[in-house]
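Visitor: Just dropping this structure here.
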Amino acid sequence: MAKAKKKIRKSFDSGKVYIEAGWNNTIVTLTDPEGNVLGWSTPGRNGFKGARQKTPYAGQVSAEQVAEIAQAYGIKDVNVYVRGMGAARDQTIRGLMNGGLGIKSIASISRVPHGGCRPKKVRKV
1252 MAKAKKKIRK SFDSGKVYIE AGWNNTIVTL TDPEGNVLGW STPGRNGFKG
1302 ARQKTPYAGQ VSAEQVAEIA QAYGIKDVNV YVRGMGAARD QTIRGLMNGG
1352 LGIKSIASIS RVPHGGCRPK KVRKV
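Take a look at the structure:
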């Protein structure tokens, strides 16, 4: 039988955190400087179901869980990239700070339509 390979946990000085703040959910992903995923969290993973997933508090709890994962890898400072216009957008960043991570920079990578799709027709009541 082949010998099992030892898992070597690498440590990093800094990392990247991607926050996807949608209207109904918030996804927080931790990556190393090259972009390889080290860990992630969502409100559903932390016990929030249904309408409570979109609350700012649920985003904060998810961010604090990602901060714990980052500290396990030795990450102290992160660059934060925020996508989307959800309610939990700002509170999630505060959750990273509450979890003990230093924030180097915050960048918005939201997609902005230039012209975009045709809007829905106006409702006539």
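Residue numbers for the sequence shown follow my numbering, so the first one is 1252 and each next one is one higher. Even for Gly, the Cβ is constructed at its ideal location relative to N, Cα and C. This one's a predicted model, so the numbers in the text were calculated from it and none came from an experiment.
(1) Would SER1356 pass as a contact of VAL1331 if the rule is Cβ separation under 9 Å?
(2) Answer yes or no: the CB of VAL1376 versus the heavy atoms of the ligand HEM, is any distance below 8 Å?
(3) DSSP has ILE1326 in a bridge; who is on the other side?
(4) Can you look up THR1343 in the DSSP assignment and give me helix, strand or coil?
(5) For GLY1273, I'd like the list of residues in its chain whose CB is within less than 6 Å of its CB, leaving aside the five on either flank, ordered along the chain.
(6) Which stretch, first to last residue, makes up the beta strand (DSSP E) that contains ALA1272?
(7) Helix, strand or coil for ALA1255, going by three-state DSSP, please let me know.
(8) Under 9 Å between the Cβ atoms of LEU1352 and GLN1316?
(9) Which stretch, first to last residue, makes up the beta strand (DSSP E) that contains GLY1290?
Guide: So, from the listed chains and residues:
(1) Yes, they are a contact pair.
(2) In terms of ligand content, the structure shown is empty, and the ligand HEM therefore cannot be addressed.
(3) Beta-bridge annotation (DSSP): ILE1326 is not paired with any residue.
(4) In this structure, THR1343 counts as helix in the three-state DSSP scheme.
(5) Closer than 6 Å at Cβ, skipping near neighbours: GLY1335, GLY1337.
(6) That run of the beta strand (DSSP E) goes 1265-1272.
(7) Here ALA1255 sits in coil by DSSP.
(8) The answer is no: Cβ separation not under 9 Å.
(9) Taken as a continuous stretch (DSSP letters only), the beta strand (DSSP E) holding GLY1290 covers 1288-1292.
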